[in-house]
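So the sequence shown is numbered by UniProt numbering: it starts at 1 and just counts up by one. Every residue gets a Cβ at the ideal spot worked out from N, C-alpha and C, and that includes glycine. Inspection log for the structure reproduced underneath, given as structure tokens.
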Amino acid sequence: MRKRAAKKRPLLPDPRFNDQLVTRFVNMMMWDGKKSVAFKVFYDAIDIVEEKKTDEEKSALETWKDALSNVMPHVEVRSRRVGGATFQIPMQIRPDRKVSTAMKWLIGYARKRNEKSMAQKLAAEILAASKEEGAAVKKRVDTHKMAEANKAFSHFRF
1 MRKRAAKKRP LLPDPRFNDQ LVTRFVNMMM WDGKKSVAFK VFYDAIDIVE EKKTDEEKSA
61 LETWKDALSN VMPHVEVRSR RVGGATFQIP MQIRPDRKVS TAMKWLIGYA RKRNEKSMAQ
121 KLAAEILAAS KEEGAAVKKR VDTHKMAEAN KAFSHFRF
């Protein structure tokens, strides 16, 4: 263990929307340090969302933020050994972990879709998640169900 927690490094906001959350998302999506490619994919996806979205009073960025909050889990199960048996214990999630988990799921399930380009895959997953459907939202629902099913073990919390 370290003596103290690592310092949070400040992220530069992205060039187009001036938003740190976007940079965090792009950093997670990036492969092999190709940040400009990742930014291009994200901005192309946002443009596709802008064209395809049904809700007129919301911007594409707001649609993306809605999608992200729809994917965010509130509880998760963690494994804990108690007397030789391993229990799945439901726990509240820290706010920063909620966001990063949501991003991970959104990107992961977007990659598994079968559209042509990554931008199209991501746009489709964002639109689905903003309507509370799609694989990433299903993952959140399953996580919540698992926590609900294991509520009996919540007294083992550490």
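query: Give a yes or no on whether the C-beta atoms belonging to M29 and I107 are separated by under 7 Å.; result: yes
query: Answer yes or no: do P90 and V71 have a C-beta to C-beta separation smaller than 7 Å?; result: no
query: What residues in its chain sit with their C-beta under 7 Å from that of E125, if we drop five residues either side in the sequence?; result: L106, Y109, A110, R113, G134, A136
query: Distance check for S59 and F39, CA to CA, integer angstroms please.; result: 18 Å
query: So does the region 75-85 actually touch the region 45-56, counting three or more Cβ pairs closer than 8 Å?; result: no
query: Which residue spans inside the UniProt domain "Small ribosomal subunit protein uS7" (1-151) form an unbroken beta strand (DSSP E) run of at least 3?; result: 75-82, 85-92
query: Quick one, which of R16, D19, D96, W64 has its alpha-carbon nearest K8's?; result: D96
query: What whole-angstrom Cβ distance do I46 and L61 have, given they're in contact under 8 Å?; result: 7 Å
query: Can you name, in chain order, every residue of its own chain whose Cβ lies under 8 Å from the Cβ of V99, other than the five neighbours on each side?; result: L21, R24, L68, M72
query: Just tell me which of R4, N27, A5 has its CA closest to the CA of L11.; result: N27
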